[in-house]
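Using UniProt numbering, the first residue of the sequence shown is number 1, and each one after it goes up by one.
From the three backbone atoms N, C-alpha and C, an ideal C-beta is built for every residue, glycine too.
Structure first, commentary second.
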Amino acid sequence: MNQELAEELHRRAEKDEAARYHVLETRHDTEMCRIDAENTAWLERVIVEHGWPGISIVGELGAEEAWLLAQHADLSPAFQRRALELMKTAVVAGEASARRLAYLTDRVLVAAGEPQMYGTQYTNDPDDSNLRRQPVADPERLDERRAAVGLEPAAEYDRRMRS
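Here is the structure:
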C-alpha cells in the first residue's frame, strides 16, 4: 500500500467535503470549484503515475476517496469519463466499489444529457423548492439494477435524499 498517496487522498477528500458544506451554508461555490479543479488535476497526475488508485494501492478508504474526487470532477467531463472507464476495470478486479461506480456512471450520464441507470443523481430548482431525481432509463428495472450493485431501493434513497 502507498501510505503517502492514501494520506494525500484523505486530505483532499476532507477539503472537498468541507468546501461542499461551505456552499450549503453560504451559497458561494467559488472555493469549491477551485478545490475541485485542483483535485482533478492532481488525480489525473496520480492516474498517469499509478493507474486507478484502487484498494491494493491506497486501501478501502483511499479508493472511496479517489472515487469522491472523480465524482466531483464535474468541471472536466472528459476526465470524469476516463475515470469511469478506469473504475469499471477496477471494479472487475476487486479494486473499487460497484456501488460507487454506479454513482459515477449516473453522474457522467447526466452530464452528457442522458438518462441515468441507478437513480443516484438529483437536481433542485434554482430556489431550492423542488428536489427531484434526474431522468432514469428503464425505470421499471431501477430497483433491480440498484440491488445488483448494493444500493437500497429507489424509494428509500429518495426518502433519504429529501430528509
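According to DSSP, residues forming a beta bridge with residue i
{"i": "residue 30", "result": "Note: residue 30 sits in no beta bridge, so no partner."}
{"i": "residue 116", "result": "136"}
Residues of its chain near residue i, where Cβ-Cβ distance is below 8 angstroms and the 5 sequence neighbours each way are ignored
{"i": "residue 5", "result": "46, 50, 53, 57, 58, 62"}
Euclidean distance between Cα positions of residue i and residue j
{"i": "residue 34", "j": "residue 93", "result": "33 angstroms"}
{"i": "residue 195", "j": "residue 121", "result": "The structure shown does not extend to residue 195, since the chain is modelled only from 1 to 163, so the question has no answer here."}
{"i": "residue 129", "j": "residue 162", "result": "11 angstroms"}
{"i": "residue 19", "j": "residue 148", "result": "32 angstroms"}
{"i": "residue 115", "j": "residue 139", "result": "10 angstroms"}
{"i": "residue 12", "j": "residue 44", "result": "14 angstroms"}
{"i": "residue 17", "j": "residue 141", "result": "32 angstroms"}
{"i": "residue 133", "j": "residue 111", "result": "14 angstroms"}
{"i": "residue 160", "j": "residue 39", "result": "28 angstroms"}
{"i": "residue 25", "j": "residue 124", "result": "16 angstroms"}
{"i": "residue 98", "j": "residue 87", "result": "9 angstroms"}
{"i": "residue 150", "j": "residue 60", "result": "16 angstroms"}
{"i": "residue 41", "j": "residue 157", "result": "32 angstroms"}
{"i": "residue 137", "j": "residue 113", "result": "12 angstroms"}
Supposed contact pair residue j and residue i - C-beta distance, whole angstroms, cut 8 angstroms
{"i": "residue 55", "j": "residue 7", "result": "Not a contact, Cβ separation roughly 16 angstroms."}
{"i": "residue 84", "j": "residue 37", "result": "Actually they do not touch by this definition, with Cβ atoms about 19 angstroms apart."}
{"i": "residue 118", "j": "residue 127", "result": "So it is not a contact: roughly 27 angstroms between Cβ atoms."}
{"i": "residue 70", "j": "residue 104", "result": "6 angstroms"}
Own chain residues within Cβ distance below 7 angstroms of residue i, not counting five before or after
{"i": "residue 9", "result": "53, 58, 62, 65, 66"}
{"i": "residue 154", "result": "119, 142, 143, 146"}
{"i": "residue 79", "result": "40, 44, 73"}
Close beta carbons around residue i, own chain, < 6 angstroms, minus the five adjacent residues each side
{"i": "residue 89", "result": "none"}
{"i": "residue 81", "result": "108"}
Please specify which runs of the alpha helix (DSSP H), each continuous and at least 4 residues long, are wholly inside the UniProt region "Disordered" (118 to 163), giving them in chain order. 142 to 148, 154 to 162
Which whole runs of the alpha helix (DSSP H) in the region 29 to 99 are 4 residues long or more, in chain order? 30 to 50, 55 to 71, 77 to 92
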